[in-house]
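Residue numbers for the sequence shown follow my numbering, beginning at -3 and rising by one. Worksheet for the structure shown next.
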Amino acid sequence: MKKTCFIFVCLLFSVFYSCLKPVEEYAVPEMTISYSETDEICFSEIQTASVNVKITCDDDLLGFKMSCDPPRWRLDTTFNSYTHKAEFNLNFSHQKGYAIEDADSVYKVTFMAYTANDSIYARRTLKYKFVYPAIDSFDVELGVAPGQPCLVDIKNRTAYPYLEFSTHNFDLVLINEQRPFYTSVGIAGVALVSPDAQAYLSGYFETVNKLLPPYEEDYLHFRETKIGYINPKAINNSLLVNEVVVGTEDGWSQIRMEFEGQDLGSGLHDLKRGTLYKCQLYDGSYAVFLLTSKSNATTMDAKIGLRVYYQK
């Protein structure tokens, strides 16, 4: 009897087990990120934060998503069928003109990979860290007389005479404005002018010496340089120059030359010692300069010395 009962119980269990659907085991995605969760990943105008994300799964990967708080970067992509490995190199940077609310802005970034049955999340911290580019400096002697170097090439740390305007790129043009119809409205004296002020400069050089070749864009496209002066209060009336003074976008005023309602271009006239001047070059970088010497300011043999600080 006991034996018959045992056999019956075994048969009953076998029938019951055969009625159960087998439980499937699904693979969970795995995600590897180049930084740890406790790291602060910094970025700025000149520093790109690169984050590498690798995803693997024995099941088919369906997609990958990235979002951040506060909202700024977003990615939502799907994979082709039978994808079991994926890799992303994500670059986070700050473009000029994008408003940063706080100098220490922090972004919480969430990464998510998923299959049809499961998903995995990871979070990282991005921090905006303002970094000013390193600067370098050089001294240069300039003169307005024909044959003297008057065309300043900042990145190449040199200057060229007027007769070489068609064979070199340059960022500033030294002149000494003495024409009565300009001096009467305050456009006068030793000046540095943007090369693209072509109409104004061509008239000036023709007046200085009619034998000089005309200042025309036959060979080079003249660069635009935005020129101005630094507000002394912005630097506490100091002439000390560092990366912040050169690199900040605030604290300086751009100067345009105007005559009888016409915009003649960017230029600084009646340059003085004891003032910091600033310019933004054609490539968006900044330079700061000051006069170290000035002589013969009322003649066409005027000469100046410049110390130029520029972003490398």
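A virtual CB, placed ideally from N, CA and C, is assigned to each residue, including glycine.
Run through DSSP, which three-state label would Met296 get?
Coil, per DSSP.
Report all residues from its chain with a CB closer than 8 Å to the CB of Pro210; omit the five preceding and five following residues, and keep chain order.
Hits under 8 Å: Ser198, Phe201 and Glu202.
Using the beta-carbon count (16 or more within 10 Å), is Ser190 buried or exposed?
Taking every protein chain shown into account, the CB of Ser190 has 16 or more other CB atoms within 10 angstroms, so this residue is buried.
Could you say which of Tyr156, Phe88, Ser291 and Asn233 lies nearest to Arg70 if we only look at CA atoms?
Measuring C-alpha to C-alpha distances from Arg70 to each of Tyr156, Phe88, Ser291 and Asn233 identifies Phe88 as the nearest.
Closest to Ser245 by C-alpha separation, out of Glu83, Gly270 and Tyr225, would be which residue?
The question names Ser, but residue 245 in the sequence shown is Glu. Of the listed residues, the one whose Cα sits closest to Glu245 is Tyr225.
Which residues does DSSP pair with Phe75 in a beta bridge?
None, per the DSSP bridge assignment.
With three or more beta-carbon pairs closer than 8 Å as the criterion, would you say the segment 32 to 39 touches the segment 58 to 65?
In short, these stretches do not touch, since the Cβ pair count stays below three.
Beta-carbon proximity list for Gln43, same chain, < 6 Å, skipping 5 on both sides:
Within the same chain, Gln43 has close Cβ partners Val127.
Kindly confirm or deny that the segment 273 to 283 and the segment 98 to 115 touch, where touching means at least three C-beta pairs closer than 8 Å.
These segments do not touch.
Starting from Glu139, follow its DSSP beta bridges and name the residues at the other end.
The residue you asked about is not Glu; residue 139 is Gly in the sequence shown. Under the DSSP definition of a beta bridge, Gly139 partners with Lys299.
So, with DSSP's three-state summary, where would you put Gln307?
The answer is strand: DSSP assigns Gln307 an E or B state.
Which residue comes first and which comes last in the alpha helix (DSSP H) that contains Gln194?
For Gln194, the uninterrupted alpha helix (DSSP H) run begins and ends at Gln194 to Val204, by DSSP.
Closest to Glu33 by C-alpha separation, out of Val241, Lys151 and Arg119, would be which residue?
Per the Cα distances, Arg119.
With three or more beta-carbon pairs closer than 8 Å as the criterion, would you say the segment 140 to 159 touches the segment 246 to 264?
Cβ pair count under 8 Å is below three, so no.
Could you tell me the distance, in whole angstroms, from the CA atom of Asp266 to the CA atom of Lys125?
Going by the C-alpha atoms only, they are around 39 Å apart.
Quick one: what does DSSP say Gly243 is sitting in, helix, strand or coil?
Of the three classes helix, strand and coil, the one that applies to Gly243 here is helix, per DSSP.
Tell me where the alpha helix (DSSP H) around Thr52 begins and ends.
First-last for Thr52: Ala45 to Thr52, but that is the beta strand (DSSP E), not the alpha helix (DSSP H).
Check Ser289 in the structure and name its three-state DSSP category.
Residue state, collapsed to three classes: strand.
Put Ala23 into one of helix, strand or coil per three-state DSSP.
In the displayed model, Ala23 falls within coil according to three-state DSSP, outside both helix and strand.
Could you say which of Ile300, Tyr178 and Gly143 lies nearest to Glu256 if we only look at CA atoms?
Nearest to Glu256 by C-alpha distance, out of Ile300, Tyr178 and Gly143, is Tyr178.
Could you tell me which residues DSSP pairs with Leu168 in its beta bridges?
Bridge partners of Leu168: Val148.
If you follow the beta strand (DSSP E) that Phe84 is part of, which residue opens it and which one closes it?
Lys81 to Phe88 is the span of the beta strand (DSSP E), which, as asked, contains Phe84.
With contact counted as at least three CB pairs below 8 Å, one residue from each stretch, are the segment 128 to 140 and the segment 230 to 244 in contact?
Three or more Cβ pairs closer than 8 Å define a contact, and the segment 128 to 140 meets that threshold against the segment 230 to 244.
I'd like the list of long-range same chain contacts for Asp114, defined as Cβ closer than 7 Å, with 5 residues on each side in sequence excluded.
Closer than 7 Å at Cβ, skipping near neighbours: Tyr22, Val24 and Pro25.
Evaluate Phe134 with the Cβ neighbour count: other Cβ atoms within 10 Å of its Cβ, from every protein chain shown; 16 or more gives buried, anything less gives exposed.
Residue environment: Phe134 is assigned as exposed (fewer than 16 neighbouring CB atoms within 10 Å of its CB, all protein chains considered).
Please check the pair Ile251 and Ile223, which I expect to be a contact at CB under 8 Å, by giving their CB distance rounded to whole angstroms.
About 6 Å separates the Cβ atoms of Ile251 and Ile223, confirming a contact at the 8 Å cut-off.
From Ser30, Asn292 and Thr163, residue whose alpha carbon lies closest to that of Glu173:
When only C-alpha atoms are compared, the closest one is Asn292.
Tell me which same chain residues have a C-beta within less than 6 Å of the C-beta of Ile29, skipping the five on either side of it?
Closer than 6 Å at Cβ, skipping near neighbours: Val49 and Ala118.
Using 8 Å for Cβ pairs, my map puts Leu272 next to Val284. What's the rounded Cβ distance?
Confirmed, about 6 Å.
If Phe75 sits next to Gly59, beta carbons under 8 Å apart, how far is it from one beta carbon to the other, in whole angstroms?
About 6 Å separates the beta carbons of Phe75 and Gly59, which is inside the 8 Å limit, making them a contact pair.
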